[in-house]
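Heads up: take any position in the sequence shown, counting from 1, add 37, and you land on our numbering.
Each remark here refers to the structure printed beneath this line.
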Amino acid sequence: MRRPDAGLCLVALTLALGCDVPTALPIYQTLWSVPAKSTTISVNSLLPAQVTPTADNSAFQVALAPSSATITRSLTQDCAACVLANGLTIPKPPFSGSGSTTFAFPAAVSNATLVRDTVTVTVTNGFNFDPLRPSASARGYLILTVQNGANVVGRDSVDGATTPLPASATLVRKVPLSGTISAAGGLQVGMQLMSPAGDPVIIDASRTITVSGSAGTVFVSQAQVNVANQSVSAAPSALNLAGVDSSITRRAGGATLELTVTNPFNVSGNLNVTFSGQSPITKSVALAGGTTTPSVAFTESEIRSLLGQNVTMTVAGTVSGSNVTVKPGQAVSVSSRLVLTVNVGGN
38 MRRPDAGLCL VALTLALGCD VPTALPIYQT LWSVPAKSTT ISVNSLLPAQ VTPTADNSAF
98 QVALAPSSAT ITRSLTQDCA ACVLANGLTI PKPPFSGSGS TTFAFPAAVS NATLVRDTVT
158 VTVTNGFNFD PLRPSASARG YLILTVQNGA NVVGRDSVDG ATTPLPASAT LVRKVPLSGT
218 ISAAGGLQVG MQLMSPAGDP VIIDASRTIT VSGSAGTVFV SQAQVNVANQ SVSAAPSALN
278 LAGVDSSITR RAGGATLELT VTNPFNVSGN LNVTFSGQSP ITKSVALAGG TTTPSVAFTE
338 SEIRSLLGQN VTMTVAGTVS GSNVTVKPGQ AVSVSSRLVL TVNVGGN
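Quick look at the structure:
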């Protein structure tokens, strides 16, 4: 018997399959991952103008206003007997006097924790007698306080038993500060003078004692600040795509930038992520508190314009938040990787 022709068998098979003979190889997609260097947004970006980090980044410096202020008390104010005996030589009457002045924190700061701070207080005795040692045996005292409302954050005392304050003399004291304060209350520097009766002296009721406080800048270990549409930015980071071969570039079908953002601050806003290339490409991601994993997609044409180049990625934007606790050295960290879709196969 004659065997069937092989060509006929092929035709028969083709007819049986409806003539659906593959004409091209299938196309597959593979994913390539390209890591980028991590970058950070420093806490310093969130600080208002009156708050700056120290050179060693161990604390914040907060500028107070005014930088110095003076309390002036006269015998007319504090010694009624001196007013009556003005111009006479009599035994110095006993008297007491007090006063205070306030230093304000910047409006953007709501709370702060003081560290290694001092207020410099200069006492100038304009009396013609020593109010702390008005006789050979009498001894008075001077109390200096620094308060935040009712909260005492610094205190110093000058005892006439150990420290004299002669007429026309100046006494300088350093008052250490510590504690957490409400910035809305500012810092009040106060003085209280207790001067006992003393030896005879010509009474001049117009004479004064002055207490000058200098607290232009204080140091804080942490602060709460209010952030309103604050511009922030991170150091540029590299995304090395220069080594990608042109054959891969031609087959790139798109890409996704996967980000891991760790934000220790109670601020939110939008960040623009910009990539250098044939022309800059900018993508927007939302910033929220905690750790988030936003991603942005690149079209085929966008990713092909970046491949084969050394790409610089920059992150910048604006954020807002109320009563944001900040500490020296903190930062928002941004790490990323580019997931590239490559078409493989086909003709």
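Every residue gets a Cβ at the ideal spot worked out from N, C-alpha and C, and that includes glycine.
Asked, Found
"Coil, strand or helix - residue 113 by DSSP", "helix"
"Validate contact between the region 272 to 285 and the region 322 to 337 using beta carbons, cut 8 Å, 3 pairs", "no"
"Where residue 200 falls: helix, strand or coil (DSSP)", "coil"
"Rounded Cβ spacing between residue 140 and residue 101 (contact assumed at less than 8 Å)", "4 Å"
"Rounded separation between residue 369 and residue 295 - CA only", "16 Å"
"Residue nearest to residue 350 in terms of C-alpha spacing, selected from 115, 104, 311, 106", "311"
"Sub-8 Å separation of residue 269 and residue 354 beta-carbons", "yes"
"For residue 288 and residue 73, believed in contact at Cβ under 8 Å, the rounded distance", "Their Cβ separation, rounded to whole angstroms, is 22 Å, which puts residue 73 and residue 288 out of contact at 8 Å."
"Any C-beta of chain B under 8 Å from that of residue 68", "Any reference to chain B falls outside this structure, which holds one protein chain only."
"Contact under 8 Å by Cβ, residue 146 with residue 260", "yes"
"Sequence-distant residues of its chain with Cβ nearer than 7 Å to residue 309 (five each side left out)", "319, 321, 353, 354"
"Of the listed residues 224, 222, 232, 93, nearest to residue 112 (C-alpha basis)", "232"
"Sequence-distant residues of its chain with Cβ nearer than 7 Å to residue 211 (five each side left out)", "155, 157"
"C-alpha distance - residue 149 paired with residue 186, whole-angstrom precision", "14 Å"
"Residue of 314, 216, 160 minimising C-alpha distance to residue 245", "160"
"Residue 145 - DSSP class collapsed to helix/strand/coil", "coil"
"Residue nearest to residue 313 in terms of C-alpha spacing, selected from 290, 278, 325, 282", "278"
"Under 8 Å between C-beta atoms of residue 214 and residue 183", "yes"
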